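Letter by letter, the sequence shown follows residues 16 to 263 in our numbering. Think of the CB as a built atom: it goes at the ideal place given N, C-alpha and C, for glycine as much as any other residue. In this text, all values refer to a predicted model and were calculated from it rather than measured experimentally.
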Amino acid sequence: MKVYFFNISKIIKFILTVSLLGGAALFMTAVLLEPAGKPDSAGTKVICRIKTAEKTAALTFNVGWGNRVPGPVLDILKDENVKATFFISGSWARNHPELARRIAREGHEIGNSGEGLSGPWAKGGTALKDLLAKSRDDIREVTGITPTLFRVTGGTWDTGCQAAAKEPDWVIIQWSLDSLDIQTPGPDKIVENVIKGVQPGSIILLNASDTASQTPEALPAVIRALRGEGYQLVTVSFLLKQGPGLSG
16 MKVYFFNISK
26 IIKFILTVSL
36 LGGAALFMTA
46 VLLEPAGKPD
56 SAGTKVICRI
66 KTAEKTAALT
76 FNVGWGNRVP
86 GPVLDILKDE
96 NVKATFFISG
106 SWARNHPELA
116 RRIAREGHEI
126 GNSGEGLSGP
136 WAKGGTALKD
146 LLAKSRDDIR
156 EVTGITPTLF
166 RVTGGTWDTG
176 CQAAAKEPDW
186 VIIQWSLDSL
196 DIQTPGPDKI
206 VENVIKGVQP
216 GSIILLNASD
226 TASQTPEALP
236 AVIRALRGEG
246 YQLVTVSFLL
256 KQGPGLSG
């Protein structure tokens, strides 16, 4: 009768190696199958920038009130052949339908702004969900576009906000680079803020409400400077196709 001897330590090493390789394979499969730029499985990921090596960035504009600044901003974007993403509220669209329709007509992307929606989401999100739906419906009625992107314009979001945005499959878009144009620091400073902070995949915050009175003066220089650095300026939805969305 033959007697077989087993090396227990070698068997354990073999089992561990197989387990690690199997885990790595499963991890890589999950990464490869994950849609680029989409929220996580709960549908509530907050995207601030995109992971990409390509020099692409998105100009985004918050528009909450007023009608003096949006027109000049749109003129500049048209002259420079740049498509941007505008986050507007339903109330602003109703109050300024011609400007809202012009944003859509000239090929820009429209997202739903959280302007004026603060407060209710702190109590579980139900009220915010209804407000988001109303704002979305108002934007669609005015522009013919149903927004799928949502931004909390003040930048403060929480789990209640995420839960409210989950059900209608909103994609929550914040920003990685704030131009600080709303503080009216001077056109040169606005340009400096953008150029110093930009990186591949940046989502850049600008404003086109009337309080951002220096934005039209700074915008041409911002665009020229970014292009001078080799950046392609795209909409947020285009940027989402370049890589996975990151929260920070």
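| message | Strictly by DSSP, which residues pair up with residue 64? | response | Start at 1 with the first residue of the sequence shown, and residue 64 comes out as number 49. Note: residue 64 sits in a beta bridge opposite 217, 261.
| task | Tell me, to the nearest whole angstrom, how far the beta carbon of residue 66 is from that of residue 261; I am working on the premise that it is less than 8 angstroms. | result | Here residue 66 corresponds to residue number 51 of the sequence shown, with the count starting at 1. Here residue 261 corresponds to residue number 246 of the sequence shown, with the count starting at 1. Indeed, because the Cβ distance is near 5 angstroms, the residues count as touching under 8 angstroms.
| said: Which same chain residues end up closer than 8 angstroms to residue 251 when comparing Cβ atoms and leaving out the 5 residues on each side of it in sequence? | reply: Position 236 of the sequence shown holds residue 251. If we look at residue 251 and ignore the five residues flanking it on each side, its Cβ neighbours are 73, 75, 100, 124, 126, 164, 188, 218.
| task | Please check the pair residue 185 and residue 220, which I expect to be a contact at CB under 8 angstroms, by giving their CB distance rounded to whole angstroms. | result | For this step, residue 185 is matched to residue 170 along the sequence shown. For this step, residue 220 is matched to residue 205 along the sequence shown. Actually they are not in contact, since the Cβ atoms of residue 185 and residue 220 sit about 18 angstroms apart, beyond 8 angstroms.
| Three-state secondary structure (DSSP) of residue 225 | As a working note, residue 225 is residue 210 in the sequence shown. DSSP places residue 225 in coil when its eight states are reduced to three.
| Reduced DSSP category for residue 167 - H, G, I as helix; E, B as strand; rest coil | Mapped onto the sequence shown, residue 167 falls at position 152. Three-state result, residue 167: coil.
| If you compare alpha carbons, which of 230, 204, 68, 61 is closest to residue 78? | Within the sequence shown, residue 78 is the residue found at index 63, counting from 1. The candidate whose alpha carbon is nearest that of residue 78 is 230.
| residue 88 by DSSP, collapsed to three states: which one? | The residue given as residue 88 occupies position 73 in the sequence shown. Residue 88: helix per DSSP, three-state reduction.
| said: Between residue 159 and residue 114, how many whole angstroms is the CB-CB distance? I'm expecting something under 8 angstroms. | reply: By 1-based counting over the sequence shown, the position of residue 159 is 144. By 1-based counting over the sequence shown, the position of residue 114 is 99. The Cβ separation is near 14 angstroms, so there is no contact.
| query | If you measure from the CB of residue 105, is any heavy atom of the ligand ADP nearer than 7 angstroms? | reply | Absence of the ligand ADP from the depicted structure is noted, as is the absence of any ligand whatsoever, leaving it without description.
| query | Exposed or buried, what is residue 149 when buried is set at 16 or more other beta-carbons lying within 10 Å of its beta-carbon? | reply | Start at 1 with the first residue of the sequence shown, and residue 149 comes out as number 134. Under this definition residue 149 is an exposed residue.
| said: Quick check on residue 161: buried or exposed, where buried means 16 or more other Cβ atoms within 10 Å of its Cβ? | reply: Within the sequence shown, residue 161 is the residue found at index 146, counting from 1. Classification for residue 161: exposed.
| query | Would the beta-carbon of residue 195 fall within 8 angstroms of that of residue 205? | reply | Within the sequence shown, numbered from 1, the residue matching residue 195 stands at position 180. Within the sequence shown, numbered from 1, the residue matching residue 205 stands at position 190. Against a cut-off of 8 angstroms, the Cβ pair of residue 205 and residue 195 comes out as a contact.
| query | Out of 107, 166, 225, which has the shortest C-alpha to C-alpha gap to residue 153? | reply | Working through the sequence shown from its first residue, we reach residue 153 at position 138. It is 107.
| said: Please tell me whether residue 88 and residue 241 are closer than 8 angstroms, where the distance is taken between their beta carbons. | reply: Translated into the one-based positions of the sequence shown, residue 88 becomes position 73. Translated into the one-based positions of the sequence shown, residue 241 becomes position 226. Result no, Cβ atoms of residue 88 and residue 241 do not sit closer than 8 angstroms.
| said: Going by the DSSP bridge assignment, what does residue 241 pair with across the sheet? | reply: Translated into positions along the sequence shown, residue 241 becomes position 226. DSSP lists no partner for residue 241.
| field | Test item: CB-CB of residue 69 and residue 238 under 8 angstroms | value | Looking up residue 69 in the sequence shown gives position 54. Looking up residue 238 in the sequence shown gives position 223. Result no, Cβ atoms of residue 69 and residue 238 do not sit closer than 8 angstroms.
| request: Mark residue 216 as exposed unless 16 or more other C-beta atoms lie within 10 angstroms of its C-beta, in which case mark it buried. | output: Counted from its first residue, the sequence shown places residue 216 at position 201. Its Cβ being crowded by 16 or more others within 10 Å, residue 216 is buried.
| said: Tell me the rounded alpha-carbon separation between residue 91 and residue 232. | reply: Counting from one through the sequence shown, the residue named residue 91 turns up at place 76. Counting from one through the sequence shown, the residue named residue 232 turns up at place 217. Each residue's Cα considered, the two are about 9 angstroms apart.
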